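Keeping their order, the protein sequence lines are chains A and B.
First residue of the first sequence? That's 1 in the UniProt record's numbering, and the numbers climb one at a time after it.
First residue of the second sequence? That's 1 in the UniProt record's numbering, and the numbers climb one at a time after it.
Take a look at the structure set out below.
2 protein chains.
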Amino acid sequence: MTFDDMNELVEKYVPLVNSDIYDVVKGAPEELYNASLHLIKAGGKRLRPLVVLATARALGGVDAEARAIPLASAVEIFHNFTLVHDDIMDNDDFRRGVPTVHKVYGVPLAITAGDLMFSLSFASILRSLEKGLDEEYVIKAVQALTEASRKVAEGQGYDMLFERSWNVDAEDYLRMIYLKTGALVEASAKLGAIAAKAKDEVIETMGEYGRLVGLAFQIRDDILGVFGDPSKTGKPVYSDLRRGKKTILALKAASSNEKVKELLIDIFNGDSSEEKLKEAAEAIKSTGALDYAQGLANSYSRLAVEKLDMLKASGLIVDEKAYRALRDLAVFSAQREK
Amino acid sequence: MTFDDMNELVEKYVPLVNSDIYDVVKGAPEELYNASLHLIKAGGKRLRPLVVLATARALGGVDAEARAIPLASAVEIFHNFTLVHDDIMDNDDFRRGVPTVHKVYGVPLAITAGDLMFSLSFASILRSLEKGLDEEYVIKAVQALTEASRKVAEGQGYDMLFERSWNVDAEDYLRMIYLKTGALVEASAKLGAIAAKAKDEVIETMGEYGRLVGLAFQIRDDILGVFGDPSKTGKPVYSDLRRGKKTILALKAASSNEKVKELLIDIFNGDSSEEKLKEAAEAIKSTGALDYAQGLANSYSRLAVEKLDMLKASGLIVDEKAYRALRDLAVFSAQREK
């Protein structure tokens, strides 16, 4: 698949959203604002703004798309805030090919930059008032970001607590990634529907679409973290195994076989020779964990497409290109190579 | 002065606000929520909720006071979030007589607990919808907290940058403490006026009151940090000098006399014998820095009272007790011993 409609909209949206974000993340002290822009400037997929803007356009046409820009910036600023704080917590040195914010500016300024970005994401939501979004919908937008921000923090909490335990099953893991990753994509789709002044049921249906895309995307991320091609992902081979990340692959493989579990524990405790890493990757395949995870991603992806098609069947889609881009994204989430 | 009206309302409000906060800061994972409640449970003055609730009552009576409770909880939760992150950045071990959140739960969970509390402060604002506050005013409330949260982050940024430099004058310092401390008290007073459905000019006037009280409070805090009685403040004698805090006292004293500046630089670089500390405290008095700072606090306090009296003269005060409590607070801010 080539995902032409999705790629066309991404190309249109990235400069729009970037320039809007630079309008919001602007102020003094300069060093704090530079720290806040550091990762945003380094790139990123702008997946969440795509969801916001394409949803707004699919349901409300180009007027809704224009109204949705401050909402798209809000979720991207929020997403980058979470990366700044996550990098501190994980003590990561690099992201998007540049040193992380706390490596450049120090931990205290990086914590504060994250807090500032959190605040600016709400400021960006409120700018939709000036874009002509009614108060009723602005409140819905604030509610959507507030709810997502709570879930993201809870998901981050679970993620850290899971690091200490192997007593985590697939259900626990899926709830965690829904909170940590899915909830913000869910909010992105809701925000797009809100910008289109959609009915509550439609906002909820798009939220479901976002949740499913977010889950497919994260599970595919877990797969690429072990089996991804380093020349495409930009990450070292077996990177999630080296980092000791308890992804769905590791959890599923460990739960199916005591020997595999011991192997993974060894690796996660630091004994990560190339040989052991290769053995673990093979075990993840042989236990069926890889097929299980890809199957999950595929079914979330299919369900997401169904949500869109329900809206289409109800005559609620007013823009074919945006609709096809959202369909593309649902498929891409589960199949992407990078 | 005995501040009877203020103390009476504080006694009424503290249990109300605490119980409301416990309704908001509730969820899973348990350890994350425990970390979020850790400092809130340890006490604190609940100064900001007092400003919210007494303002609402002064301008709108007991109905407005009841509507204001989720807004009062919001500012207190937000304030505690800033303490959690500040303690990490300052690497402080104790606050309110208990170990800080990151000392008990580790830095990663403490960062996340702060982020969760940030989110929950917005969630608490949104609960005012259920209390019957109109959408128009709910948006004003979200705007007030958003604006304050941005300023607090900027103020924290300036505070950290100032640590590296002596090239900071009184004006820079006052802007910094307005952002870091004043802005949230300003927002608290605005939120009270918003709960009372006051006109925009009245909301702004109360915001001014809050800003002035916040400034007086912080300058008095700086004074108590050097000259406070340890048996009342609960902090060691000369605590801000030992900690190398560039308060208005240190900046003013250093700028008036090169020898005093050298003495302070020595102390802040770690050479803090009792003798040197005493000498520095004397120098802060002899250079007039103490009188200057107390004079500033007094004039902010007087100006805050004038704002209230303007509203009273316009017939906008509907509750005498709440009005007197706000007057008490303005005076207390500049004169308190703890």
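C-beta atoms are modelled at their ideal positions from N, C-alpha and C, and glycine is treated no differently.
Note that the structure is predicted; figures quoted are calculated from it, not measured.
Put residue i into one of helix, strand or coil per three-state DSSP.
i	result
ARG96 (chain A)	coil
LYS307 (chain A)	helix
ASN167 (chain A)	coil
THR82 (chain B)	helix
MET6 (chain B)	helix
ARG196 (chain B)	One point to set straight first is that residue 196 (chain B) is Ala, not Arg, in the sequence displayed. Of the three classes helix, strand and coil, the one that applies to ALA196 (chain B) here is coil, per DSSP.
THR287 (chain A)	coil
SER73 (chain B)	helix
GLY60 (chain A)	helix
LEU316 (chain A)	coil
ARG150 (chain B)	helix
ARG46 (chain A)	coil
ARG175 (chain B)	helix
TYR22 (chain B)	helix
GLU130 (chain A)	coil
MET1 (chain A)	coil
THR233 (chain B)	helix
SER36 (chain A)	helix
Return the CA-CA distance between residue i and residue j, expressed in angstroms with no decimal places.
i	j	result
ALA189 (chain B)	ASN269 (chain B)	39 Å
LEU174 (chain B)	LEU215 (chain B)	8 Å
THR2 (chain B)	GLU147 (chain A)	43 Å
LEU296 (chain A)	VAL84 (chain A)	29 Å
MET117 (chain A)	ARG95 (chain A)	17 Å
THR112 (chain A)	ARG150 (chain A)	18 Å
residue 365 (chain A)	ALA254 (chain A)	Nothing about residue 365 (chain A) can be reported from this structure: the residues present for chain A run from 1 to 338 only.
GLY60 (chain B)	VAL52 (chain B)	12 Å
GLY114 (chain A)	THR82 (chain A)	7 Å
SER165 (chain B)	LYS246 (chain B)	9 Å
LYS278 (chain B)	ASP271 (chain B)	13 Å
ALA68 (chain B)	ALA58 (chain B)	12 Å
LEU161 (chain B)	LEU249 (chain A)	44 Å
GLU163 (chain B)	ILE265 (chain B)	11 Å
LEU120 (chain B)	GLY27 (chain B)	11 Å
VAL10 (chain B)	ARG46 (chain B)	8 Å
VAL17 (chain B)	LYS41 (chain B)	12 Å
SER286 (chain A)	SER128 (chain B)	54 Å
ALA313 (chain A)	GLU204 (chain A)	16 Å
TYR300 (chain A)	ASP328 (chain A)	14 Å
LEU37 (chain B)	ALA110 (chain B)	11 Å
SER181 (chain A)	PHE332 (chain A)	Note on residue identity: the sequence assigns Thr, not Ser, to residue 181 (chain A). Spanning the two alpha carbons is a distance of roughly 16 Å.
ARG220 (chain A)	ASN298 (chain A)	9 Å
ASN91 (chain B)	ARG243 (chain B)	11 Å
ALA330 (chain B)	GLY225 (chain B)	20 Å
Exposed or buried, which one is residue i when buried takes at least 16 other CB atoms within 10 Å?
i	result
GLU258 (chain B)	exposed
ARG193 (chain B)	What sits at residue 193 (chain B) in the sequence shown is Ala, not Arg. Buried, since its Cβ has 16 or more Cβ neighbours within 10 Å.
GLY132 (chain B)	exposed
VAL104 (chain A)	exposed
ASP87 (chain B)	buried
ASP93 (chain A)	exposed
GLU200 (chain A)	First, the residue type needs correcting, since residue 200 (chain A) is Asp and not Glu in the sequence shown. With fewer than 16 other Cβ atoms within 10 Å, it is exposed.
PRO108 (chain B)	buried
TYR22 (chain B)	exposed
ASN7 (chain A)	exposed
PRO49 (chain A)	buried
ASP291 (chain A)	exposed
Looking at C-alpha atoms only, which residue of the options is the closest neighbour of residue i?
i	options	result
ALA66 (chain A)	A:ALA56, A:VAL75 and A:ALA74	A:ALA56
VAL25 (chain B)	B:ARG46, B:ALA74, B:ASP4 and B:VAL10	B:ALA74
PRO70 (chain B)	B:ILE177, B:ILE125, B:LYS232 and B:SER256	B:ILE125
ALA153 (chain B)	B:GLU337, B:ALA283 and B:MET176	B:MET176
ILE284 (chain A)	A:SER301, A:ARG242 and A:PHE227	A:PHE227
VAL168 (chain A)	A:LEU303, A:GLU320, A:TYR13 and A:LYS252	A:LYS252
ARG302 (chain A)	A:ASP90, A:ALA334, A:LYS312 and A:ILE88	A:ALA334
GLY43 (chain A)	A:VAL185, A:VAL14 and A:VAL237	A:VAL14
ALA195 (chain A)	A:LYS338, A:ILE21, A:PRO29 and A:ASP63	A:ASP63
ALA187 (chain A)	A:LEU264, A:GLU76 and A:PRO108	A:GLU76
ALA281 (chain B)	B:ASP240, B:LYS312, B:LEU316 and B:ASP319	B:ASP240
ALA141 (chain B)	B:ASP221, B:LEU184, B:LEU37 and B:TYR292	B:LEU184
ALA322 (chain B)	B:ALA54, B:VAL331 and B:LYS276	B:ALA54
ASP222 (chain B)	B:PHE78, B:ARG336 and B:ASP4	B:ARG336
MET89 (chain B)	B:HIS38, B:ASP229 and B:GLN156	B:GLN156
VAL318 (chain A)	A:ALA198, A:GLU30 and A:ASN80	A:ALA198
ASP20 (chain B)	B:ALA72, B:GLU31, B:LEU32 and B:PHE122	B:ALA72
Counting beta carbon pairs with one atom in the segment 302 to 317 of chain B and one in the segment 205 to 225 of chain B, are three or more of them shorter than 8 Å? yes
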